[in-house]
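Engineer:
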Amino acid sequence: MEGAAESLAHLAGACAQISLAATLCDLAIHHRTEIYLYDDADPTPVTSADQLRRAADEMGRAAATYRVLAQGLSRRLASSTTRIGEMVRSSHTASAQTPPNTPPHSRHHR
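Note that the working numbering gives residue 69 to position 9 of the sequence shown, counting from 1, and the numbers run on in steps of one.
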């Protein structure tokens, strides 16, 4: 399909963004649970909140990438379906206008 390599590259980028977002969420959770485990842990949620904000930003970018890819794929598939439909209609019109090449079969009575 035309543009498949480019679409695949964008899809890989979106997957990387989702992976980064998951890592940031994991870090945020880790930082918040550290306060229960270590006396010297940062008791403020600022670090975790920042990581969650960055995770949300990455997820937003990934969602936008997926949306663009899905719309492009839908347009290409619709265009492809339209072209196939036109070719089938054209083929049927041409065959209806052209007499068959083979003579009609005669019936043999025994």
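Every residue gets a Cβ at the ideal spot worked out from N, C-alpha and C, and that includes glycine.
Check whether the segment 113-125 touches the segment 76-92, counting contact only when three or more Cβ pairs, one atom from each stretch, lie closer than 8 Å.
Structural biologist: yes
Engineer: In the structure shown, what three-state DSSP assignment does A101 receive?
Structural biologist: coil
Engineer: Among residues of its own chain, excluding the 5 on either side of T107, which ones have a beta-carbon nearer than 7 Å to its beta-carbon?
Structural biologist: H91
Engineer: Give me, in chain order, the residues of the same chain whose beta-carbon lies closer than 6 Å to that of L84; leave out the 5 immediate sequence neighbours on both sides.
Structural biologist: Q111, R114 and A115
Engineer: If you measure between the beta carbons of P103 and I95, is that distance less than 7 Å?
Structural biologist: The answer is yes: Cβ separation under 7 Å.
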